[in-house]
Amino acid sequence: MSSFCFLSNFQTQASKTISIPKEHHKNILGKAGTRLQELQKLTSTKISIPNINDQSEEISITGPREGIEKAMHEIQMISDEQSKKAFEKISIPKKYHPFICGAHNCNIVDFQTKYNVRINVPPPSVDSDVITISGEKEGVQKSIEFAKKVNEDMEANAKTVSIEVSKSQHKYIIGQKGNTLAEILATTGISVEMPSTESDSETIVLRGPQANLGSALTMVYTKANSVVTATIKAPAWIHKYIIGRKGAEIRQITQDMEKSVHVEFVDDTIKIEGPKEEVEKVKKSLEVKAKDLTNKLRFIEMQVDPKHYKHIIGKNGANVNKLKNETETVINITEVEGKNIIRIEGNQQGVKQVEEVGST
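Just so it is clear: in the sequence shown, position 312 is 312 by full-length UniProt numbering, and no numbers are missing.
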């Protein structure tokens, strides 16, 4: 399914909730709210804890996605420390955390289900080696043993390969919510370490068994090149004609694509993103469409003497509406810096006809 939009800046703020036992909320707040303030400052987030009279256990966090991850990690650790069950911390090099978690956190889910424990692994955005485990003593101990075994195996057998991939292609290697990284780990047993989105680095590190590095490398390059982008120059004012009423025109161009193509309209540019073959097809169609519209259509802006307004607009807009229908043009009247401006858009002949009426 293809899509199109008009904005270039994607929303960077997000919100999430985390359920924490009510009796632990005071520990997150700290004395006179100082711990909460420090946590908000550390993570660049806004953390809302229910009032003492509100029985809700939901704590909401708003801010940048990486900040939310950090805040949730810290809050969960504070809560786990307050638990009456066994609580242990174990330091394992962060580079080995993906192997402990497993693809899509399958190992974590398995241990939590089997042994009734909670395993809190720092998200990629948190620079920490510390993994916390809480729950039944036997389960906590088995989880620690597993983490140590993974660490030993990786220290003995893991090899690395570093490659350079254009920063613009990193998101295709990561995939939505990290799904592509998880797919590579599940398929090859290789962890792919990506630089922070805030970093300018283009270096990607592959880590794991020597025998599997080649196949993982192939997957990374395939994913990186699975999506391409192309741009077309087209005046912003003709974008609505390319899109068509309720998106009909752009939909006609993209609807036959076998795979998803995303078309974005920004300023005087049209950006197309998707699989290479589909992008090339859509680009050609849009170039033809844009050229055709640019040749057929024009716009003018003119100042009209106020004494002619009544004649041009007519009673209840009758004259201007009639003119629009007869000439198949778009006529907008606005006030700019105290001056009344009429903007006319449409086919060459229609715009000329309206211009003549406005000039008489």
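Heads up, the beta-carbon is just placed ideally off N, CA and C, and yes, glycines get one too.
L206 sits close to I190, with the two beta carbons spaced by under 7 Å.
Selection S196, R65, K289, N295 evaluated against S44 yields R65 as nearest (Cα-Cα). Within 10 angstroms of the beta-carbon of P93 lie fewer than 16 other beta-carbons, which makes it exposed.
The three-state reading of DSSP puts G314 in coil, since its state is none of H, G, I, E or B.
Apart from sequence neighbours up to five positions away, the residues of its chain that approach C101 with a beta-carbon distance below 7 Å are N107, I108, V121, ordered along the chain. A contact between stretches requires three or more CB pairs, one per stretch, nearer than 8 Å, and the segment 194-212 fails this requirement with the segment 136-152. G175 is not bridged by DSSP to any residue. Relative to F99, the option among L323, T188, K339 whose CA is nearest is T188. 7 Å or more divides the Cβ of I68 from the Cβ of I20. Shown here for I61: same chain residues with a beta carbon closer than 6 Å to its own, the five before and five after excluded, namely K16, T45, I47, I68, A71 in chain order. Leaving aside the five residues that flank K167 on each side, the residues in its chain whose CB is nearer than 6 Å to its CB run, in chain order, E202. For the 7 Å CB-CB criterion, I313 and V320 form a contact.
Around the CB of E278, 16 or more other CB atoms lie within 10 Å, so the residue is classed as buried. Within the segment 225-256, complete alpha helix (DSSP H) segments of at least 4 residues are found at 239-243, 248-254, given in chain order.
One alpha carbon belongs to I28, the other to S56, and they sit about 15 Å apart. Annotation: E193 to K31 spans about 39 Å, alpha carbon to alpha carbon. Restricting attention to alpha helix (DSSP H) runs no shorter than 4 residues, the segment 128-191 encloses them at 137-157, 170-174, 179-188, ordered along the chain. Taking every protein chain shown into account, the CB of D80 has 16 or more other CB atoms within 10 angstroms, so this residue is buried.
In the structure shown, the three-state DSSP call for G33 is helix. The segment 238-254 and the segment 213-225 do not touch, with fewer than three beta-carbon pairs separated by less than 8 Å. Taking C-alpha positions only, E138 is separated from V130 by approximately 20 Å. Secondary structure at V220: helix, using DSSP grouped into helix, strand and coil. Here V261 is actually not in contact with I270; their C-beta atoms are around 12 Å apart, not less than 8 Å. Between the C-alpha atoms of R118 and E74 there is a straight-line separation of about 14 Å.
Beta bridge pairing from DSSP links K89 with T132.
In this structure, A182 lies away from H97, with their beta-carbon atoms at least 7 Å apart. Under the three-state reduction of DSSP, G102 is assigned to coil, being neither helix nor strand. Residue pairing of N51 in beta bridges, as defined by DSSP: absent, with no partner found. Burial check for T132: the Cβ neighbour count within 10 Å reaches 16 or more, so the residue is buried.
The C-alpha of N157 is placed about 37 Å away from the C-alpha of P275.
By the neighbour-count definition (other C-beta atoms within 10 Å, threshold 16), T229 is an exposed residue.
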